[in-house]
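In mature numbering (1 follows the signal peptide of the UniProt record, and there is no 0), the protein residues as written are -18 to -1, 1 to 209. For glycine and all other residues, C-beta sits at the position ideal for the given N, C-alpha and C. Right, one structure below, let's go through it.
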């Protein structure tokens, strides 16, 4: 929730100063649309998971593959620009729970991820040649699901599904970030709905009913490059 409030506050501030940036940029010759490699680089994901109001343990998830993308940019001068793109992103979470038995307590770990196609749109404000901030929203569409289950560190199950309904197929998100002249950048992206589909049914049972699962990630290397 704090991430949502931060994102909304950021975008509100951006909108407030965008008009001044556009007026300044109007004195400069507008650029034509150009394309750059974008996409998310190395991702560090965090999840907040509760089941029937009780918190479920989660572990940060790092992934490097495959996070790809491209952006179409339109810089309206040197201080304000807009962009839209197409991303392929590896999104997921890791949960860990203890199962108390009559003889011993077992640790049950689950790794769940989807590949999703995302369509981001946003604005850039600042010195577009040196340092600027950006923000926007993304419509994501999950198309491949993978799960691995472990008991006490030993893998006991693994499966992969195309267009699975175990997760929500539509994954809307908001994001904010900055980009520096040397190519270093940082972006925070927060997904607005649950990762798991609470309505999913298997064999008459609903394993995710009552489970709230929210994900956000940090990424390094989201680079609009240079014109």
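Buried versus exposed call for residue i [16 or more other C-beta atoms within 10 Å across all chains shown]
i: residue 72; result: buried
i: residue 127; result: buried
i: residue 171; result: buried
i: residue 25; result: buried
i: residue 137; result: exposed
i: residue 187; result: exposed
i: residue 192; result: exposed
i: residue 135; result: exposed
i: residue 104; result: buried
i: residue 164; result: exposed
i: residue 5; result: Confidence at residue 5 is low in this model, with a pLDDT of 46, below 50, so its placement is unreliable and the value that follows should be read with caution. That one is exposed.
Spatially closest choice to residue i from the options, by CA coordinates
i: residue 198; options: 184, 27, 50, 129; result: 27
i: residue 33; options: 14, 194, 113; result: 194
i: residue 111; options: 166, 162, 41; result: 162
i: residue 19; options: 67, 141, 104, 99; result: 67
i: residue 109; options: 47, 35, 60; result: 60
i: residue 202; options: 181, 185, 166, 183; result: 166
i: residue 174; options: 164, 37, 157; result: 157
i: residue 118; options: 189, 147, 169, 183; result: 169
i: residue 147; options: 164, 189, 139; result: 189
i: residue 47; options: 37, 98, 185; result: 98
C-beta contact flag for residue i and residue j at 7 Å
i: residue 155; j: residue 120; result: yes
i: residue 90; j: residue 101; result: no
i: residue 62; j: residue 107; result: yes
i: residue 234; j: residue 78; result: Beyond the ends of the chain as shown, which are -18 and 209, falls residue 234; an answer cannot be given.
i: residue 74; j: residue 116; result: no
i: residue 129; j: residue 145; result: no
i: residue 181; j: residue 153; result: no
Close Cβ partners of residue i (< 6 Å) along its chain, the five nearest in sequence each way excluded
i: residue 30; result: 196
i: residue 22; result: 49, 71, 201, 204
i: residue 132; result: 91
i: residue 113; result: 162
i: residue 76; result: 41, 43, 93
i: residue 139; result: 131
i: residue 64; result: 56, 105
i: residue 69; result: 21, 51, 100
i: residue 37; result: none
Own chain residues within Cβ distance below 8 Å of residue i, not counting five before or after
i: residue 17; result: 52, 53, 54, 55
i: residue 45; result: 24, 25, 27, 72, 74, 95
i: residue 8; result: With a pLDDT of 44 at residue 8, under the threshold of 50, the modelled position of that residue is not reliable, and no figure is offered here.
Spatial neighbours of residue i in its chain, beta-carbon cut-off 7 Å, leaving aside the 5 residues before and after
i: residue 149; result: 96, 124, 127, 177, 178, 179
i: residue 143; result: 127
Short CB-CB distance (under 7 Å) between residue i and chain B
i: residue 46; result: Any reference to chain B falls outside this structure, which holds one protein chain only.
Legend entry - Any 3 or more C-beta pairs closer than 8 Å across the region 56 to 66 and the region 81 to 93: The region 56 to 66 vs the region 81 to 93: no contact.
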